[in-house]
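Per the working numbering, residue -4 is the first one in the sequence shown, and the count goes up by one each step. Quick notes on the structure that follows.
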Amino acid sequence: TGLVVGIQGIILKTTNAGQNWIIQNSGISETLYDLQPINPNVIYCVGIFETILKSTNGGDNWIIIRGNVNPGKFFYGLNFININTGWICGTGQWVLKTTNGGTSFDSSFVPATFYSVYFKDDMNGLISGQNGTLFKSSNGGINWNQVNVFTETSEFFQLTFIGDIGWIAGWQNRKVYKTTNFGSTWDSLTIIPATGS
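The structure is reproduced here in structure tokens:
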């Protein structure tokens, strides 16, 4: 079982390992950027114009938590550690946090646009974004401290972690960075060739 999102509010679902895809009715027409299944039933999804969606039946139906609120602000990434607690990042220089499944959100200021957020527990998290920006929180996202990864300028799009070991890819310089201490320090790996494929 899997889900993908895209333009015009499209959500596709497969139940046979991608052989067939069924269009789900998201109820919106805004572009969607990221989604996260928390368990087989609860799924969250975010997109442009501050769109936040939630499903409680495996993606068959969607609840619009927030939709088409602000044409100038986009949500690019989200990360939930359980069905109630999660963080959302994007434009506007702030990160949202909910502890009640999206009923309400608190926000914290962080000076950049961010594409990816990841929390390993309810206190320790990272966000990555434009111009190689990376911030770390140790108090659940209330405060954020910048982490210096490298001196070059690149866009950081997706954080990926297994425990404290994580990776992030730079867009313009095509470098991959690795941490073994949950983002406190990073090492540069080999440049990914631009093969065009």
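Idealized CB from N, CA, C, for every residue including glycine. As the structure is a prediction and not an experimental result, all values here were calculated from the model.
Residues near residue i in its chain [Cβ-Cβ closer than 7 angstroms; skip 5 each side]
i, result
"residue 193", "Only positions -4 to 192 of the chain appear in the structure, and residue 193 is not among them; the question remains open."
"residue 4", "21, 23, 24, 25, 27"
"residue 115", "156, 177"
"residue 117", "76, 80, 135"
Own chain residues within Cβ distance below 6 angstroms of residue i, not counting five before or after
i, result
"residue 181", "144, 172, 174"
"residue 71", "28, 85, 110"
"residue 69", "43, 85, 86"
"residue 100", "91, 93"
"residue 97", "49, 60"
"residue 19", "6, 8, 54"
Inter-residue Cα distance where the pair is residue i and residue j
i, j, result
"residue 35", "residue 53", "6 angstroms"
"residue -3", "residue 130", "30 angstroms"
"residue 192", "residue 31", "Residue confidence for residue 192 is low, a pLDDT of 47 falling below 50, so the modelled location carries little weight; the figure read from the coordinates is stated next. About 27 angstroms."
"residue 8", "residue 16", "5 angstroms"
"residue 179", "residue 112", "15 angstroms"
"residue 140", "residue 95", "25 angstroms"
"residue 106", "residue 88", "5 angstroms"
"residue 138", "residue 14", "44 angstroms"
"residue 76", "residue 167", "31 angstroms"
"residue 163", "residue 153", "6 angstroms"
"residue 0", "residue 142", "30 angstroms"
Limits of the beta strand (DSSP E) - the one that residue i falls within
i, result
"residue 61", "58 to 61"
"residue 50", "46 to 50"
"residue 12", "First-last for residue 12: undefined, no H or E at that position."
"residue 173", "171 to 174"
"residue 31", "27 to 32"
"residue 161", "160 to 165"
"residue 0", "-3 to 0"
"residue 42", "38 to 42"
Residues near residue i in its chain [Cβ-Cβ closer than 8 angstroms; skip 5 each side]
i, result
"residue 12", "-3"
Minimum Cβ-Cβ distance from residue i to chain B less than 8 angstroms
i, result
"residue 168", "You won't find chain B in this structure, because it holds only one protein chain."
Going along the chain, which unbroken runs of the beta strand (DSSP E) with 3 or more residues stay wholly within the segment 73 to 151? The qualifying runs are 81 to 85, 89 to 93, 101 to 104, 109 to 114, 120 to 124, 128 to 132.
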